[in-house]
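So for the sequence shown, the working numbering puts the first residue at 107; every next one is plus one.
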Amino acid sequence: MASRFASRPVLRQLAYASIFAATGTIAVYTITSYSNGPGRSRIQNGSLLPRDIPSRFPRVKSRDKQISDLRRSTNDNLQKSTRRVSNAHHEGTGEKEDESVYDLLVIGAGATGAGIALDAATRGLKVALVERDDFSSGTSSKSTKLVHGGVRYLEKAILNLDYNQYKLVKEALHERKYFLDIAPHLSTWLPTLLPIRAWWQAPYLWAGTKMYDLLAGHQGSPEGSYFMTKNRAIGAFPTLNPDGIVGALCYYDGQHNDSRMNVSLAMTAALYGATVVNHMEVTGLEKDASGKLCGARVRDTLCESKGNNQEFTVRAKGIINATGPFSDAIQKMDEPTKRNIVAPSSGVHIVLPGWLGPQKFGLVDPSSDGRVIFLLPWEGNLIAGTTDKPCEVEKSPIPRSKDIDWILNEVRKQLAPEIDLRRSDVLSAWCGIRPLVLDPNSKNTESLVRSHLVTVSKSGLLTCAGGKWTTYREMAEDAVNKAIVEFQLKPQGHRLHPDISGTGADRTTPLLDGSCQTHTVPVIGAHGYHKTLYIDLIKTFNFDAEVALHLAHSYGDRAWEVASISSSASSASSSTPGTPTLSPASHERLSPSYPYLKAEVKYAVKK
């Protein structure tokens, strides 16, 4: 509370300064024209590597080999081995540690778990990552696809003079830049419109978006926020309801492919030496004689479906619980009477046809429940959402009909009346469970942690929960920092896999000295990506532009491999083998309506 009141003069000065600047210069910005597209980051403007990308890239170990690595940590004489590890680690006897034991076992391969595995692996730690289902099968693939600091959070910080909220927004804006830099093929800047309903709102909203730019500093978008007249706003977003608006503010945030980003984090961790296995369920935790965790029982659910129900133990010095909404279930494996820390909340999104809005601009506006409604371009269509309602934790949540109807009603308010948006226009919908976290140190059992929470139980279970996609990297850094201290781990310098980029170019190697460097470590596919990669693919393989753009933005430099597979398959099925050129139609699609190739399935199985 003291910090909050101490921060009031700072926030008050910022607020007054911004409003003064807005009212004094608003006339200048009323004529500002909008840009045709967002700017690009340093990596996007030029790839990290030479343009001639080789066709051979390192492979991630097969799932069977990864499982063999997991099993290697199991000792036939488990009790004796456990005692040796426990003594060497907890009591400092100096006895040589068993090298087959992992430094860290991370449970859950969503954004947080995959981020933790990558962070730990790049610090030279021996790490295993296991996921009960598939990578990004849960909450991490059901987001709004935004990489943002949170404009509405900044507004609340100013109105409530809340320094802690202000600091969270600033930190998220810095993380946003790191995110866009390490995954340029999977993320981009997205200009977003804030409709202005009355002239008095113009200086207020302008000041807010300018403060948003100010907080980001040099890590913000290449193009700052700006005012748009009503005519320009309608020109940018033709289906916007013109009634009741006098203009709009345009600001920039990030957008990303959440599911592919999650998979890329896991694959990158594997290339740095982490053991990464999906469909591997943790069925129990194991403790040594002193009551400290020393491993976990796991079961291969794919083998179980074939009648093989064999479990085995993965031994580790430290265990990290990164299971999102399922964090409480893992904690209760450790302490059955443990108080729940997750306050699950359902977030429903719907997908609408692309003709309902532009593909270059998003839209955000206050909703009837006091939050905001998003309408964002995505893969040729539009994403609309989201809801935020308390729910029960379940493995495969289904969007409720009334939530879909609520989103439709909110979207109708934003669109021109003649659009006549109907329920039949909904192409798909999903529901994700946000793992909001209760503060375990608060006497009020309903008090939520605004950021993320890292806790360690008496037996040594480290739990990292809460947060959001934008701050996954910061969450991972905090969790690994805590694990290093708690489990007395020894980070060490780690050299980038010599061929992770496919070139062996030393100048792409970040300095990995045992400290956290994930803000400089590009994910798989980023090293050879550049903004005109799709043109190179068109020239080399004669793809349709739609297909080439999809491959470049989904795989980055690994698009060369997918393209080679498609080219080989097309040549093999050609009536005239050896034909030097291929037609765009010769690259087989999974569906004529979408740019996805059959070669992508082969690549996924192969890699």
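Just so you know, even glycine gets a beta-carbon here, dropped at the ideal spot from N, CA and C.
What you are looking at is a predicted structure, and each value in this text was computed from that prediction instead of being measured.
| Asked | Found |
| --- | --- |
| With the cut-off set at 9 Å, would you say V457 and A535 are in Cβ contact? | yes |
| Using a Cβ distance threshold of 8 Å, determine whether the segment 371 to 387 contacts the segment 299 to 309, with at least three qualifying pairs required. | no |
| Around the C-beta of N368, are 16 or more other C-beta atoms found within 10 angstroms, so that it is buried, or is it exposed? | buried |
| Straight-line CA distance for D434 to G219? | 15 Å |
| To test your reading of the DSSP string, which unbroken beta strand (DSSP E) runs of 3 or more residues are found completely within the segment 450 to 498? | 468 to 472, 478 to 484 and 487 to 491 |
| On the premise that A227 lies in contact with A380, defined as a C-beta separation below 8 Å, what is that separation, rounded to the nearest angstrom? | 4 Å |
| Which parts of the segment 212 to 296 are runs of the beta strand (DSSP E), unbroken and 3 residues or longer, counting only runs that do not cross its ends? | 233 to 236 |
| DSSP has M373 in a bridge; who is on the other side? | Looking at the DSSP assignment, M373 forms no beta bridge with any residue, so it has no partner. |
| Identify which residue in S674, G453, R518 and E485 has its Cα closest to the Cα of D349. | R518 |
| Is it true that the segment 582 to 600 meets the segment 445 to 457, where meeting means three or more beta-carbon pairs spaced less than 8 Å apart? | no |
| What does DSSP give as the partner residue(s) for P666 in the beta ladder? | Note that residue 666 is Trp in the sequence shown here, rather than Pro. Answer by DSSP bridge pairing: none, since W666 is not bridged. |
| Kindly indicate the opening and closing residues of the alpha helix (DSSP H) around N347. | Counting along the chain, N347 falls outside any alpha helix (DSSP H), and DSSP gives it neither H nor E. |
| Measuring straight from C-alpha to C-alpha, what distance separates H633 and D663? | 7 Å |
| Expressed to the nearest angstrom, what Euclidean distance is found between the alpha-carbon atoms of L408 and P483? | 36 Å |
| Where does H600 fall in DSSP's three states? | coil |
| Let me know the secondary structure DSSP gives S328 once reduced to three states. | Before going on, a small fix: residue 328 reads as Pro here, not Ser. DSSP places P328 in coil when its eight states are reduced to three. |
| Would you mind working out which of S674, D239 and L296 sits nearest H385, comparing C-alpha positions? | D239 |
| Opposite T298 in the DSSP bridges: which residues? | Y357 and G468 |
| DSSP three-state call for A632: helix, strand or coil? | coil |
| Work out the CA separation of A322 and D440 for me, nearest whole Å. | 41 Å |
| Taking the alpha carbon of E281 as the point to measure from, which residue in R421, E583, M334 and E500 has its own alpha carbon closest? | E583 |
| Using three-state DSSP, classify T129 as helix, strand or coil. | Caution applies to T129, whose pLDDT of 38 falls short of 50 and renders its modelled position unreliable; the model cannot decide the point. |
| Alpha carbon to alpha carbon, how far is D693 from L703? | First, the amino acid is wrong: residue 693 is His here, not Asp. Their backbone Cα atoms lie some 7 Å apart in a straight line. |
| Of all the CB atoms in chain E, is at least one closer than 9 Å to the CB of Q416? | Of the chains in the structure shown, none is chain E; there is only one protein chain. |
| Which value, in whole angstroms, describes the spacing of the CA atoms of R178 and S206? | 6 Å |
| Buried or exposed for K438, going by 16 or more other Cβ atoms inside 10 Å? | exposed |
| Are at least three pairs of beta-carbons, each pair with one atom in the segment 343 to 357 and one in the segment 259 to 277, less than 8 Å apart? | no |
| How many angstroms separate the CA atom of V352 from the CA atom of P297? | 19 Å |
| For L320, which three-state DSSP category applies? | helix |
| Can you say whether D511 is buried or exposed, counting buried as having 16 or more other CB atoms within 10 angstroms of its CB? | exposed |
| Taking the beta carbon of D509 as the centre, do at least 16 other beta carbons fall within 10 Å, making it buried, or is it exposed? | buried |
| Let me check one thing: in DSSP terms, what residues is S534 bridge-paired to? | V457 |
| Determine the contact status of S331 and K316, defining contact as a CB-CB distance below 9 Å. | yes |
| Looking at Y640: is its Cβ nearer than 9 Å to the Cβ of A651? | yes |
| Applying the 10 Å Cβ sphere with the 16-neighbour rule, what's the burial state of N294? | In the sequence under discussion, the amino acid at residue 294 is Thr, which differs from the Asn named in the question. Buried: at least 16 other Cβ atoms inside 10 Å. |
| Whole angstroms are fine: how far does the CA of S699 sit from the CA of V470? | 29 Å |
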